[in-house]
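>
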Amino acid sequence: MAPEVLAREPYSRSVDWWSLGIVIYEMLVGEKPMLRPSTGLVIPTFLAGDAVNLISGLLQRDPLKRLGSSEEDACDVMHHYFFRSIDWMALLERRMQPPFIPEDVRLSEDGDQHLVLTPPSEGSLAMEKEIAEAFRDFDYTAM
Numbered sequence: 002m003a004p005e006v007l008a009r010e011p012y013s014r015s016v017d018w019w020s021l022g023i024v025i026y027e028m029l030v031g032e033k034p035m036l037r038p039s040t041g042l043v044i045p046t047f048l049a050g051d052a053v054n055l056i057s058g059l060l061q062r063d064p065l066k067r068l069g070s071s072e073e074d075a076c077d078v079m080h081h082y083f084f085r086s087i088d089w090m091a092l093l094e095r096r097m098q099p100p101f102i103p104e105d106v107r108l109s110e111d112g113d114q115h116l117v118l119t120p121p122s123e124g125s126l127a128m129e130k131e132i133a134e135a136f137r138d139f140d141y142t143a144m
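With our numbering, letter number 43 in the sequence shown gets 44, and the count goes up by one each step, no holes.
Here it is in structure tokens:
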């Protein structure tokens, strides 16, 4: 979550740009970013300069300085050098070819065909009633 959300401060759409920075970091690095209060963001040296610049801009702690938080909004992000090869209009019109097409797509074709749902046992239903009673006065539960 963006720092302003964690601090319970008012926030704007710039929290979404923070989240995009987290996702891009995780996709490029393969793990969650290390955000240290004293040193800030730890970025591996193997990332290209344009990726480092993009991630650093999106993960700017100050939401007013964060990439995408100006009046230009998404245009700031779209025009970043990291995305220089993207024809945004072609992408929006679905005319752009993906850079990678997986060969084996069987899992996406019939992934739920072999799913077997087991009905809950009588004991678990009784337990659910006890648990529900314990949380009766709560405004929200995820049950």
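Glycine residues also receive a C-beta, built at the ideal position from the N, C-alpha and C atoms.
The structure displayed is predicted, hence computed values, not measured ones.
(1) Between Pro-100 and the ligand HEM, is there a pair consisting of the residue's CB and a ligand heavy atom that are separated by less than 7 Å?
(2) In the DSSP output, which residue or residues are listed as bridge partners for Val-43?
(3) What is the rounded straight-line gap between the Cα of Leu-29 and the Cα of Val-6?
(4) Starting from Glu-72 and walking both ways along the alpha helix (DSSP H), at which residues does that stretch end?
(5) Consult DSSP for Ser-13 and reduce its assignment to one of helix, strand or coil.
(6) Any contact of the region 98-105 with the region 67-84, i.e. 3+ C-beta pairs under 8 Å?
(7) Would you check if the distance between the CB atom of Met-35 and the CB atom of Val-43 is smaller than 8 Å?
(8) Among Gly-50, Leu-65 and Glu-134, which one has its Cα closest to the Cα of Trp-18?
(9) Rounded to the nearest angstrom, how far is the Cβ of Gly-22 from that of Leu-59, given a contact under 8 Å?
(10) Please confirm whether Leu-55 and Gln-61 have their CB atoms less than 8 Å apart.
(11) Rounded to a whole number of angstroms, what is the C-alpha to C-alpha distance between Trp-89 and Pro-120?
(12) How many Å lie between Glu-94 and Arg-85 at the Cα?
(13) Only counting the same chain, and skipping five residues up and downstream in sequence, which positions put a Cβ closer than 8 Å to that of Ala-52?
(14) Below 8 Å on the Cβ atoms is my contact criterion, and I expect Val-15 with Ser-70 to pass it. Report the Cβ-Cβ distance as a whole number of Å.
(15) Is it buried or exposed, Ala-91, if we count other Cβ atoms within 10 angstroms and call 16 or more buried?
In terms of the structure at hand:
(1) The ligand HEM is absent from the structure shown, which contains no ligands of any kind.
(2) According to DSSP, Val-43 bridges with Met-35.
(3) Between Leu-29 and Val-6, the C-alpha separation is close to 25 Å.
(4) Per DSSP, Glu-72 is not a residue of any alpha helix (DSSP H), being assigned neither H nor E.
(5) Ser-13 sits in coil when the DSSP states are folded into three classes, being neither helix nor strand.
(6) No, the region 98-105 does not touch the region 67-84.
(7) Met-35 places its beta carbon less than 8 Å from that of Val-43.
(8) Answer by Cα proximity: Leu-65.
(9) With a contact defined as Cβ atoms closer than 8 Å, Gly-22 and Leu-59 qualify at about 3 Å.
(10) Against a cut-off of 8 Å, the Cβ pair of Gln-61 and Leu-55 comes out as no contact.
(11) Roughly 47 Å separates the two Cα atoms.
(12) Glu-94 and Arg-85 have their C-alpha atoms roughly 18 Å apart.
(13) For Ala-52, where only same-chain residues beyond five positions count, the Cβ hits under 8 Å are Ile-25, Leu-29 and Phe-83.
(14) Contrary to the premise, residue 15 reads as Ser rather than Val in this sequence. In this structure Ser-15 is in contact with Ser-70, their Cβ atoms being roughly 4 Å apart against a cut-off of 8 Å.
(15) So Ala-91 ends up on the exposed side.
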